[in-house]
Amino acid sequence: MSSDENLIVDAAARIFGDLVSPSLINDAEAGIWPSELWAMLEESGLTLAWGNETLGGAGIEVIDGFSLLREAGRHSVPVPLAETMLASWLLGHAGVQYPAGPMTVAPTKINSNISLGPDGILSGTVRDIPFARVTEHIAVLADSEAGKVIALVKTSDCALREKKSIAGEPSDEVSFDGVKPVNVEPAPYGLDEQALFAMGAATRAVQIAGGLQKILDQSVQYSVERSQFGRPIAKFQAIQHGLAQLAGEAAAAGAAADAVAEAIAASGGLGVEARAEVAAAKTRIGEAATVGTAIAHQTHGAMGFTYEHSLHHATRRIWAWRDEFGNESYWAMELGRMIAAEGADNLWPFIAGKE
Amino acid sequence: MAAGSFRFPRIDFSPELKALQQEVRDFLASERASGGYTPVADGWAFGVDLEFSRKLGQRGWLGMTWPKKYGGHERSSMERYVVTEELLAAGAPVSAHWVADRQSGPMLLKNGTEQQKQEILPRIAAGECFFAIGMSEPDSGSDLASLRTTATKVDGGWKINGRKIWSSGAHFCHYMIATVRTGGTRDEKNRHEGLSQFLIDLKGPGIQIRGIKNMAGDEHFNETVFDDAFVSDDCLLGKEGEGWHQVTSELGLERSGPERFLSSAITLTEAMRRIGDNPDSREAETIGKNVARLKAMRRMSLGVSALLQGGESPVVEAALVKDLGTKFESTLLNDVRQLIPTEAIGQSTDDYARTLSEGLLRVPSSTIRGGTNEVLRGIVARQLGLR
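Going line by line, the protein sequences match chains Y and C.
Per numbering that gives the first Met the number 0: the first sequence ends with 354, consecutive numbering throughout.
Per numbering that gives the first Met the number 0: the second sequence ends with 386, consecutive numbering throughout.
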């Protein structure tokens, strides 16, 4: 945690608290763009939190950016804040000046084959690009004959097929065929699809940790207010024990989120050590997501299953984020291979560190 | 405070701490290679090796945080954490001295007489004096305040009558710190009053110790029967009637350490030794999942230590760690068991099969000892405002 963290998180929490209401989230799902919310975030510099100051970014510490994302995850913020931050992180590595307005990144998977031809024209189609249709630009990592490049593309130049994630948020198919980027720069060594995928996974892991805090608070509050058999359901031991376990999962997710944020802050996010931390965090937090959301829904009963109740704002997002940028199965395998390659006697030093 | 805002502050390892970590690793590697110990599952609860305990004492790794004048080494609680977690991860047999080093010594340091501190603490730090816990009774487990054993004031001391159960290792231990009733009643209203703690020499008069074999075959538990067992006045620890407060802070020390999630970790290392450096997808996934769990657990456990070191009393965070950590110990064993699906455990004697069968047979105690997970969840639920 840096000394600025509280200021940034406080500022963000104030904006989220004032503007991100259940009806605003529902409206966003119905396709109504929350322009006031976006404008506030952009004016405060939060959307370019991870952007380099020399390129027009806010230059906020990486770790504080993660705290901001956790808070955004807690509030189910229905705008591409995480995606714009990720895009500015990617563009910053190539020294590309940031445009105004919402952005997203591509690809969000491995082996996606976006390439830049010798004529400076892109080709390739990718699926599951979060929020693409509401963005103005897409930061693209592409192959070229000269190696990896980072390109800034106008979304309106691309062909989109609109799809939705299980959270009801845009998750579009984007074709870059025939698109000439606004700007292209070579990617630095080490910034490949794996690195972008890992940074995306870290982002989603931290957002889930925020979402779990939210559903714990909601579940506690609901259990105190809801009465059955003549008393608040919070008085039943079965409910108490369920919520204690939810608290444990939320706490474990929080600890894993702190760990991955610190590791990326220390290393810049590239390299094998950061990758291992991402793998551990996405795996453990994905597990917490599964256990935690089940308890939250069970506690809320049929009420929490209605569209009207806001529980699903967090739980559906948690489920979408759980799978995006690699689910816990993918990352567990990655982590297992990394550790096994070092041999059994390096298992514990991997966990506890070494000289 | 929002319900979800439990604190697990981060701890940075200084170069000195890392050097100590490496020193312990080197020691353990050389001990294991030379047959100085054989790895054991749940070694802090069941791995009794008096010689190994003495070796740790000689290295200065017992009573680490205590004053030098009592045989301690005046090191930080983080240094102690590092040493203990290395011992646990390596499956070292550290059970003999565990209770004395973890809780009885600190308890004596706080509440013992000067003479007791001078006589007993240096022997604990040398790995030569061991303690049993005297809390549970045949009719008092989770409901500790319902205990019946009494101490009655007599000329120059107290007479103790009743029975303590479990009292791990009492047959080789030198002392027990027992929580008994000196006043009050077992009634609902004032049951937490009238409890007091005593230092009891287990070789003293009126004491009978009977072994209770556990389902793993360990000769480990005991029933300790007190029949007019006399202890002198100076054996009352702390204040008469303050036992409940004292015993709950003792439980705080019991619940927060790395032994609450590392008891079966050695089995994963041994399974990986069998699998080798090129696991298939299923093996890799199981390894990765459990390493991810271990990393998060360790971070939380270290966070609790940071709070303890800062003079705080993180009772709820410790309860969360113990609930999650002990459940993990059980899950890990089941996952590790299936890593090698064709092994008839118990039949083979290599370190994988042996530690796995030990672990499976011992793990039912993980979620019971030191406060059942149901009791712990009750503590968390209270903090959440549910009760």
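Even for Gly, the Cβ is constructed at its ideal location relative to N, Cα and C.
Going by beta-carbon coordinates alone, are residue i and residue j separated by less than 9 Å?
{"i": "residue 88 of chain C", "j": "residue 264 of chain C", "result": "yes"}
{"i": "residue 314 of chain C", "j": "residue 274 of chain C", "result": "no"}
{"i": "residue 103 of chain Y", "j": "residue 86 of chain Y", "result": "yes"}
{"i": "residue 317 of chain Y", "j": "residue 291 of chain Y", "result": "yes"}
{"i": "residue 141 of chain C", "j": "residue 371 of chain C", "result": "yes"}
{"i": "residue 202 of chain Y", "j": "residue 349 of chain Y", "result": "no"}
{"i": "residue 171 of chain Y", "j": "residue 132 of chain Y", "result": "yes"}
{"i": "residue 315 of chain Y", "j": "residue 138 of chain Y", "result": "no"}
{"i": "residue 81 of chain Y", "j": "residue 207 of chain Y", "result": "no"}
{"i": "residue 209 of chain C", "j": "residue 192 of chain C", "result": "no"}
{"i": "residue 261 of chain Y", "j": "residue 62 of chain Y", "result": "yes"}
{"i": "residue 20 of chain C", "j": "residue 351 of chain Y", "result": "yes"}
{"i": "residue 321 of chain C", "j": "residue 369 of chain C", "result": "yes"}
{"i": "residue 162 of chain Y", "j": "residue 126 of chain Y", "result": "yes"}
{"i": "residue 425 of chain C", "j": "residue 257 of chain C", "result": "Because chain C is modelled from 0 through 386, residue 425 of chain C falls outside the range shown and cannot be assessed."}
{"i": "residue 199 of chain C", "j": "residue 133 of chain C", "result": "yes"}
{"i": "residue 151 of chain C", "j": "residue 242 of chain C", "result": "no"}
Closest by CA to residue i, which one among the options?
{"i": "residue 138 of chain C", "options": "C:117, C:185, C:111 and C:150", "result": "C:185"}
{"i": "residue 76 of chain Y", "options": "Y:22, Y:269 and Y:353", "result": "Y:22"}
{"i": "residue 44 of chain C", "options": "C:266, C:364 and C:370", "result": "C:364"}
{"i": "residue 332 of chain C", "options": "C:181, C:22 and C:41", "result": "C:41"}
{"i": "residue 443 of chain C", "options": "C:329, C:373 and C:384", "result": "Not covered by the structure: residue 443 of chain C. The range shown for chain C is 0 to 386."}
{"i": "residue 177 of chain C", "options": "C:145, C:236, C:202 and C:156", "result": "C:236"}
{"i": "residue 93 of chain Y", "options": "Y:128, Y:322 and Y:185", "result": "Y:185"}
{"i": "residue 195 of chain C", "options": "C:208, C:159, C:165 and C:218", "result": "C:159"}
{"i": "residue 30 of chain Y", "options": "Y:304, Y:169, Y:180 and Y:199", "result": "Y:169"}
{"i": "residue 53 of chain Y", "options": "Y:345, Y:98, Y:171 and Y:321", "result": "Y:98"}
{"i": "residue 307 of chain Y", "options": "Y:26, Y:144, Y:12 and Y:322", "result": "Y:26"}
{"i": "residue 74 of chain Y", "options": "Y:220, Y:18 and Y:163", "result": "Y:18"}
{"i": "residue 69 of chain C", "options": "C:12, C:340, C:58 and C:119", "result": "C:119"}
{"i": "residue 219 of chain Y", "options": "Y:277, Y:119, Y:174 and Y:294", "result": "Y:294"}
{"i": "residue 300 of chain C", "options": "Y:254, Y:55 and Y:100", "result": "Y:254"}
{"i": "residue 35 of chain Y", "options": "Y:124, Y:101 and Y:199", "result": "Y:101"}
{"i": "residue 124 of chain Y", "options": "Y:117, Y:112, Y:118 and Y:269", "result": "Y:112"}
{"i": "residue 223 of chain Y", "options": "C:169, C:380 and C:10", "result": "C:380"}
Cutting at 6 Å between CB atoms, please list the residues of its own chain near residue i, excluding the five before and the five after it.
{"i": "residue 324 of chain C", "result": "259, 260 and 296"}
{"i": "residue 95 of chain C", "result": "47, 49, 52 and 129"}
{"i": "residue 92 of chain C", "result": "36, 39, 42, 46, 48 and 51"}
{"i": "residue 183 of chain Y", "result": "148 and 150"}
{"i": "residue 205 of chain Y", "result": "65, 68, 69 and 256"}
{"i": "residue 156 of chain C", "result": "229, 230, 231 and 232"}
{"i": "residue 323 of chain Y", "result": "203"}
{"i": "residue 3 of chain C", "result": "Confidence at residue 3 of chain C is low in this model, with a pLDDT of 49, below 50, so the placement of that residue is unreliable and no value is reported for it."}
{"i": "residue 196 of chain Y", "result": "109 and 324"}
{"i": "residue 221 of chain Y", "result": "299"}
{"i": "residue 115 of chain Y", "result": "121, 141, 143 and 148"}
{"i": "residue 0 of chain Y", "result": "The pLDDT assigned to residue 0 of chain Y is 47, lower than 50, so where the model puts this residue is not dependable, and the model offers no usable value."}
Using C-beta distances below 8 Å, list every residue in its chain close to residue i, excluding the 5 sequence neighbours before and after it, in chain order.
{"i": "residue 155 of chain Y", "result": "135"}
{"i": "residue 248 of chain C", "result": "312"}
{"i": "residue 266 of chain C", "result": "40, 331, 332, 335, 351, 354, 355 and 358"}
{"i": "residue 346 of chain Y", "result": "338"}
{"i": "residue 145 of chain Y", "result": "185"}
{"i": "residue 5 of chain C", "result": "315, 316 and 319"}
Please list, in chain order, all residues of the same chain as residue i whose beta carbon is under 7 Å from its beta carbon, the five residues on each side excluded.
{"i": "residue 311 of chain Y", "result": "none"}
{"i": "residue 282 of chain Y", "result": "327, 330, 331 and 334"}
{"i": "residue 327 of chain C", "result": "260, 292 and 296"}
{"i": "residue 320 of chain Y", "result": "203, 206 and 207"}
{"i": "residue 258 of chain Y", "result": "276 and 280"}
Within the region 120-159 of chain Y, ranges of the beta strand (DSSP E) (whole runs, at least 3 residues): Here the runs fully enclosed are 124-129, 136-143 and 146-153.
Contact between the region 315-334 of chain Y and the region 246-253 of chain Y (3+ Cβ pairs under 8 Å): Counting Cβ pairs under 8 Å, fewer than three are found: no touch.
Every unbroken beta strand (DSSP E) inside the region 280-326 of chain Y [3 residues or more]: Within the region 280-326 of chain Y, no complete beta strand (DSSP E) run reaches 3 residues.
Touching by the beta-carbon criterion (3+ pairs, under 8 Å), the region 230-241 of chain Y and the region 208-215 of chain Y: Result no; under three Cβ-Cβ pairs closer than 8 Å.
Three-pair Cβ contact test at 8 Å for the region 265-281 of chain Y versus the region 24-42 of chain C: As far as the Cβ criterion goes, the region 265-281 of chain Y does not touch the region 24-42 of chain C, which means the pair count is below three.
Alpha helix (DSSP H) segments (min. 4 residues) lying fully within the region 15-87 of chain Y: With a minimum length of 4 residues, the continuous alpha helix (DSSP H) runs that stay inside the region 15-87 of chain Y are 21-28, 34-42 and 61-73.
Whole beta strand (DSSP E) elements within the region 175-247 of chain Y, 3-residue minimum: Taken in chain order, the complete beta strand (DSSP E) segments of 3 or more residues contained in the region 175-247 of chain Y are 182-185.
Continuous alpha helix (DSSP H) assignments of at least 4 residues falling wholly in the region 298-366 of chain C: Correct list: 314-338 and 350-361.
Contained alpha helix (DSSP H) runs [length at least 4] in the region 244-302 of chain C, N- to C-terminal order: Within the region 244-302 of chain C, the complete alpha helix (DSSP H) runs of at least 4 residues are 264-274.
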